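First to last, the sequence lines map onto chains Z and S.
Here the first sequence is numbered in my numbering, starting from 4 and rising by one per residue.
Here the second sequence is numbered in my numbering, starting from 4 and rising by one per residue.
The structure under discussion appears below in the form of structure tokens.
Number of protein chains: 2
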Amino acid sequence: MAAPVWSVDPRTGKQREQVAAEATADEVDRTVRAAHAARESLADRTVRAAFLRTAADLLEEAGEQVVEAADAETALGPGRLTGELARTTYQLRSFADIVDQGAFLDILIDHADPDAGPVPRPDLRRYKVPLGVVAVYSASNFPLAFSVPGGDTASALAAGCPLVVKAHPDHPATSELCAAVLRRAAARHGLPEDVVGLVHGFEAGVALVQHPLIAAAGFTGSVRGGRALFDAAAARPTPIPFHGELGSLNPVVITEAAASERAEQIGTGLAGSVTLGVGQFCVKPGLVLAPVGDPGDRLLKSLTSAVSETAAGVLLDSRMREAFVAGVRARAALPEVESPVTPGESGEHAVSAGFLVVPAARLADGGDHGLLMEECFGPVTVVARYADPAEVSAVLGTLPGNLTATVHLGEDEAAESDGPAAALLAELTPLAGRVLVNGWPTGVAVAPAQHHGGPYPATTSTSTSVGGTAIERWLRPVVFQGTPAALLPPELRDDNPYGLPRRVNGRPEA
Amino acid sequence: MAAPVWSVDPRTGKQREQVAAEATADEVDRTVRAAHAARESLADRTVRAAFLRTAADLLEEAGEQVVEAADAETALGPGRLTGELARTTYQLRSFADIVDQGAFLDILIDHADPDAGPVPRPDLRRYKVPLGVVAVYSASNFPLAFSVPGGDTASALAAGCPLVVKAHPDHPATSELCAAVLRRAAARHGLPEDVVGLVHGFEAGVALVQHPLIAAAGFTGSVRGGRALFDAAAARPTPIPFHGELGSLNPVVITEAAASERAEQIGTGLAGSVTLGVGQFCVKPGLVLAPVGDPGDRLLKSLTSAVSETAAGVLLDSRMREAFVAGVRARAALPEVESPVTPGESGEHAVSAGFLVVPAARLADGGDHGLLMEECFGPVTVVARYADPAEVSAVLGTLPGNLTATVHLGEDEAAESDGPAAALLAELTPLAGRVLVNGWPTGVAVAPAQHHGGPYPATTSTSTSVGGTAIERWLRPVVFQGTPAALLPPELRDDNPYGLPRRVNGRPEA
């Protein structure tokens, strides 16, 4: 008998309903084969784009039900979830636009030329083709935007890849609901519903990444889970690309000048970013380097006041709650760590926000204090007080890779192109995929130029899971050599029937 | 005592000279650290481009010496090696052009826009930055173009990455000579010579891919060696991209019509492609599907005659010679395999070319005949005779990934866009990264649109090791959010001082 999958209310810890059963190995196999069998149906870009737009429309139509289901399972609240739904439908439509524009096909054409190199050059025409069936591992903290109808799904379908989602156990009902919407959208355009599959269960997730017909995987989650799946993907007889977003500390450096000029604004802004969504964002600032002395003291005072006023919140599940409470406790117990506002349990199911303070010199020491440089999921951050810029450099030099790195600068610093601020940015850039000045990393805009990824363990590849270029993960190039016009894909024919952007003989086509 | 590294003459099997010693773990560490310390020197694109051009110039100046050294170690002959040198210098200069053009920076700029999405969009400016020190594993069969001064080196330097080459043991003297040339070219432009490092030895190669400061690797070689290094790269505490080109059968399908129209031409062309460079090309056609019946018989007759006339040749080393002889023997011993021209030993150090013939139906059976679908390095190919198109499909359906897949078509077939030829191309495209019509896969043009890669085991990633986009392997994106103009890299400033190609708000910049 397959294990039942329950939807659980994190506000009470009670089981709401049995949603499904964990997929057996046979069921995973059938789901992947069905998706694989449906792959040719996605070959037409016009249909793909229309399908993505219909998916957005139908999600909006089902919006009330979707938000209600997600709120019941995640406790994220209708306000946040309504916003996340808007982000999700915007993302689906953005990828439809990207499909229409066709720049992602990355078309390169070199005409035959006897004089183009040391040997005569044949006619070469390259574009990108979909990799095949994609496995998508959903995140807990975005039950829509990084789950069944989220960025991995939207970008995979945009690329022309069917997919099978491994549902996150924290929101199985929302996952079923959204998968049904996506499948209905597919049917509206005459596509097999199996272009989107859904499986539940830990074992099913492992079987999925090992399935011979899975061609690539996208993952958002913990370092431990992501690394295990990355290892499984690499150990396959035929290894596959594994695009995992695993963990990030998201360091923030606040200069002396910035603190002097805007202590209160920065303290309040930091509190907002740390406690947003009960601290359950992968880009939550987890380590803040703030100066010792009066401006830094004022900043901490403001942070203390803002964090203290933050209402307690419910985490996504009880396991996370336990990990948060234990994680904070272990960090707070380290020598020279203070907790001006102690984060922790609040009643039976909620947690309260807070922060820890430590001398920056202790962090650079390594040893037990290394724990403070590991992500702690939930509403807490670590403020490391530094006495001079060398201490900042010492800490930055010990950090692993991150999704983001932020600096808050004084007004004069920000205007000087070769001063200490430039040096600081040069130190932060190798650490992250997104570098922010005078902002907060929470809030990852869906935009063509966005990059949501970074050196390991932020991501397991150099790719992004947000923004227009996320589509690149699911494609591979193919070049046709000496191929008669009649047999070329239309995208590569001289007459360019779809008017796609192309580079010809190394230059943009006129 | 470190083991000595000898240069060996494959024409005699005799040691020529002791070139170097195998690098100890300490030496690998020092070499990588020196390269890492030199990385900032490559930040200036103008200097990088000039360095690549000077490297080409100095290689040409040393051309006679380089060709002589390479011929003495590889027996590839001065003609071929002079051509390979021209290819190598052309490749270095092509990457200099690519650096100048700057399209590889893949610049995307989205202006801040309160209305661009469901939430206000911040200012986002993305480009690509070099990954860090690259490890390059040289191939045996191209002592220049896929070795020290080859495509991995040229593309890594073009991307701004210093590198350490693991020399191939078949041409250590050539490797030392070319590394010295590259280092001299660096010095001419005031760059530290350590932007190019060189190590010898099997153990050194393993230590290299495991070194914490190595950020990515490029490899060309065998499935066994490449997979071992791929596994080591994936198992690191911080995994790194491993772009390996491992092995390829390069199937060729000859239709009944093509054989009817051009049996002799195809037979002769095939012989030329199979025996070129003594069959030591990664794109050598290793499996040819030819029809039964008279046109196919004529094709084989022509192949027999051309292969029989091919002079015996010396393979790159004695280990390869043994593997070739044993590999041919094992294949020829399989049931229903005939060898019209038996390839094998020719004198003490050379081998003669030949081919095997088998009914296609045996291949699709699987079992022992699966050996015929594994690459056999050297001047041999397997011709599988098919009775009908279904047998072709059955064989193609069992093939692993390839660098190339080729079809020879009749004139009418090639002109019909929705006939059997189109169906055949659709079957071949999923198998390879380069699809050829009426050509031969040997000869991989260096060109912007070239793609030299394919589904595993052809390559371990979706990337290419030849052509303009090979540079993409050594870069990662970084996006700057809300960053003041003074602190932005010049490439991302509004005034676009270098006139680089950029996409702004999702569209090419005017």
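We put the CB at the ideal spot given by N, CA and C, even for glycine.
Here the structure is a predicted model, which means the values were calculated and not measured.
Ignoring anything shorter than 4 residues or poking outside the region 289-314 of chain Z, list the alpha helix (DSSP H) runs there in chain order.
297-311
DSSP state of Z:Trp443, grouped into three classes?
For the purposes of this step, residue 443 of chain Z is taken as the residue at position 440 of the first sequence. The answer is coil: DSSP assigns Z:Trp443 none of H, G, I, E or B.
Leaving aside the five residues before and after Z:Ala480 along the sequence, list all residues of the same chain whose C-beta is less than 6 angstroms from its C-beta, in chain order.
Your numbering for residue 480 of chain Z matches position 477 in the first sequence. The displayed chain sequence assigns Pro, not Ala, to residue 480 of chain Z. For Z:Pro480, where only same-chain residues beyond five positions count, the Cβ hits under 6 angstroms are Arg129, Lys131.
Test: Z:Leu428 CB closer than 7 angstroms to a CB of chain S
Numbered from its first residue, the first sequence carries residue 428 of chain Z at position 425. Interface residue, yes.
Looking at chain S, is there any beta carbon in it that lies within less than 7 angstroms of the beta carbon of Z:Thr223?
Here residue 223 of chain Z corresponds to residue number 220 of the first sequence, with the count starting at 1. Answer no: the Cβ-Cβ gap between Z:Thr223 and chain S never drops below 7 angstroms.
Using CA coordinates, which residue listed in Z:Glu494, Z:Leu412, Z:Gly456, Z:Ala5 is at the minimum distance from Z:Phe205?
Numbered from 1 along the first sequence, position 202 holds the residue referred to as residue 205 of chain Z. For Z:Phe205, the nearest C-alpha among the options comes from Z:Ala5.
Measure the alpha-carbon distance for Z:Gly120 versus Z:Ala41 and round it to whole angstroms.
The residue given as residue 120 of chain Z occupies position 117 in the first sequence. The residue given as residue 41 of chain Z occupies position 38 in the first sequence. In a straight line, the C-alpha of Z:Gly120 is about 43 angstroms away from that of Z:Ala41.
Taking just the CA atoms, how far does S:Ser251 sit from S:Cys285?
Counted from its first residue, the second sequence places residue 285 of chain S at position 282. Counted from its first residue, the second sequence places residue 251 of chain S at position 248. Distance between the alpha carbons of S:Cys285 and S:Ser251: 6 angstroms.
Since Z:Ile112 meets chain S, which of its residues come closer than 8 angstroms, beta carbon to beta carbon?
Taking the first residue of the first sequence as 1, we reach residue 112 of chain Z at position 109. Simply Ala452.
Would you mind listing the beta strand (DSSP E) stretches within the region 165-203 of chain Z that are 3+ residues and don't spill past its ends, in chain order?
166-169, 199-202
What does Z:Glu419 reach in chain S if we use C-beta pairs closer than 7 angstroms?
Against the first sequence, residue 419 of chain Z aligns to sequence position 416. Result: Ala489.
Under 7 angstroms from the C-beta of S:Ala89: neighbouring residues of chain Z:
Position 86 of the second sequence, counting from 1, holds the residue named residue 89 of chain S. Ordered by position in chain Z, the residues that pass the 7 angstroms Cβ test against S:Ala89 are Pro121.
Determine the DSSP secondary structure at Z:Arg239, reduced to helix, strand or coil.
Here residue 239 of chain Z refers to the residue found at position 236 when the first sequence is read from its first residue. In the structure shown, Z:Arg239 sits in coil (DSSP, three-state: anything other than H, G, I, E or B).
What residues of chain S sit near Z:Asn441, judged by a beta carbon separation below 9 angstroms?
As a position in the first sequence, residue 441 of chain Z is number 438, starting the count at 1. Here the neighbours are Gly485, Thr486, Pro487.
Evaluate S:Gly404 with the Cβ neighbour count: other Cβ atoms within 10 Å of its Cβ, from every protein chain shown; 16 or more gives buried, anything less gives exposed.
The residue labelled residue 404 of chain S in the question sits at position 401 within the second sequence. The residue is buried, with at least 16 neighbouring Cβ atoms inside 10 Å.
Who are the neighbours of Z:Val449 on chain S, taking C-beta pairs under 7 angstroms?
Position 446 of the first sequence holds residue 449 of chain Z. Those within 7 angstroms of Z:Val449 in chain S are Gly120.
Can you list, in chain order, the residues of its chain whose CB lies under 6 angstroms from that of S:Leu127, leaving out five sequence neighbours each side?
Counting from one through the second sequence, the residue named residue 127 of chain S turns up at place 124. Hits under 6 angstroms: Asp113, Val482, Gln484.
In chain order, what residues of the same chain have a beta carbon less than 6 angstroms from the beta carbon of S:Pro165, not counting five sequence neighbours either side?
Here residue 165 of chain S corresponds to residue number 162 of the second sequence, with the count starting at 1. Ala38, Ala41, Arg42, Val136, Val198, listed in sequence order.
Check the DSSP bridge columns for Z:Gln18 and list the partner residues they point to.
Within the first sequence, the letter at position 15 stands for residue 18 of chain Z. Assignment of beta-bridge partners to Z:Gln18 by DSSP yields Z:Val11.
Using a beta-carbon distance below 7 angstroms, is S:Tyr459 in contact with chain Z?
On the second sequence, position 456 is the one that residue 459 of chain S refers to. Yes, its Cβ sits closer than 7 angstroms to a Cβ of chain Z.
Output, in chain order, the set of chain Z residues within a Cβ distance shorter than 7 angstroms of S:Thr27.
Residue mapping note: residue 27 of chain S aligns to position 24 of the second sequence, counting from 1. Residues of chain Z passing the Cβ test: none, with the nearest at roughly 27 angstroms.
Rounded straight-line distance, which links the Cα of Z:Asp116 to that of Z:Gly247
Along the first sequence, one-based indexing puts residue 247 of chain Z at 244. Along the first sequence, one-based indexing puts residue 116 of chain Z at 113. Distance between the alpha carbons of Z:Gly247 and Z:Asp116 is about 42 angstroms.
Less than 7 angstroms between CB atoms is the rule here; does Z:Thr307 satisfy it with respect to chain S?
On the first sequence, residue 307 of chain Z is found 304 positions in, with the first residue counted as 1. Cβ-Cβ to chain S under 7 angstroms: no for Z:Thr307.
Reducing DSSP to helix, strand and coil, say where Z:Thr407 ends up.
Sequence index remark: in the first sequence, residue 407 of chain Z carries index 404 (1-based). If DSSP states are grouped into helix, strand and coil, Z:Thr407 belongs with the strands.
Nearest-angstrom Cα distance between S:Arg334 and Z:Pro240?
Residue mapping note: residue 334 of chain S aligns to position 331 of the second sequence, counting from 1. Residue mapping note: residue 240 of chain Z aligns to position 237 of the first sequence, counting from 1. The C-alpha of Z:Pro240 is placed about 24 angstroms away from the C-alpha of S:Arg334.
S:Pro500: contacting residues in chain Z (beta-carbon distance under 9 angstroms)
Taking the second sequence and counting its residues from 1, the one referred to as residue 500 of chain S is at position 497. Within 9 angstroms Cβ-Cβ: nothing; S:Pro500 doesn't reach chain Z, min ~12 angstroms.
From which residue to which residue does the beta strand (DSSP E) around Z:Leu478 run?
Locating residue 478 of chain Z in the first sequence gives position 475, counting from the first residue. Start and end: 478-484.
Have a look at Z:Pro362 and S:Leu490 and give me their C-alpha separation to the nearest angstrom.
Residue 362 of chain Z sits at position 359 when you count from the first residue of the first sequence. Residue 490 of chain S sits at position 487 when you count from the first residue of the second sequence. Whole-angstrom Cα-Cα distance: 29 angstroms.
Take the Cβ of Z:Ser464 as the centre, count every other Cβ of all protein chains shown within 10 Å, and call the residue buried at 16 or more, exposed below.
Locating residue 464 of chain Z in the first sequence gives position 461, counting from the first residue. The residue in question, Z:Ser464, is buried, as its Cβ has 16 or more Cβ neighbours within 10 Å.
Alpha carbon to alpha carbon, what distance is there between S:Gly228 and Z:Ala237?
Locating residue 237 of chain Z in the first sequence gives position 234, where the first residue counts as 1. Locating residue 228 of chain S in the second sequence gives position 225, where the first residue counts as 1. In a straight line, the C-alpha of Z:Ala237 is about 16 angstroms away from that of S:Gly228.
Unbroken stretches of the beta strand (DSSP E), 3 residues or longer, contained in the region 53-103 of chain Z:
none
Coarse secondary structure for Z:Ala452, derived from DSSP in three states
Locating residue 452 of chain Z in the first sequence gives position 449, where the first residue counts as 1. Judged by DSSP in its simplified three-state form, Z:Ala452 adopts coil rather than helix or strand.
Got a sec, what are the start and stop residues for the beta strand (DSSP E) Z:Leu359 sits in?
Along the first sequence, read from residue 1 onward, the residue named residue 359 of chain Z stands at position 356. 357-362 is the extent of the beta strand (DSSP E) around Z:Leu359.
Within chain Z, the residues that S:Leu127 reaches when beta carbons sit closer than 9 angstroms
One-based indexing of the second sequence puts residue 127 of chain S at position 124. Ordered by position in chain Z, the residues that pass the 9 angstroms Cβ test against S:Leu127 are Arg437, Ala448, Ala450, Pro451, Ala452, Gln453, His454, Gly470.
Going along chain S in order, which residues have a C-beta closer than 7 angstroms to the C-beta of Z:Tyr93?
Translated into the one-based positions of the first sequence, residue 93 of chain Z becomes position 90. The contacting residues are Gly120, Pro121.
As assigned by DSSP and simplified to three states, the class of Z:Asp47
Translated into positions along the first sequence, residue 47 of chain Z becomes position 44. Three-state DSSP puts Z:Asp47 in coil, outside helix and strand.
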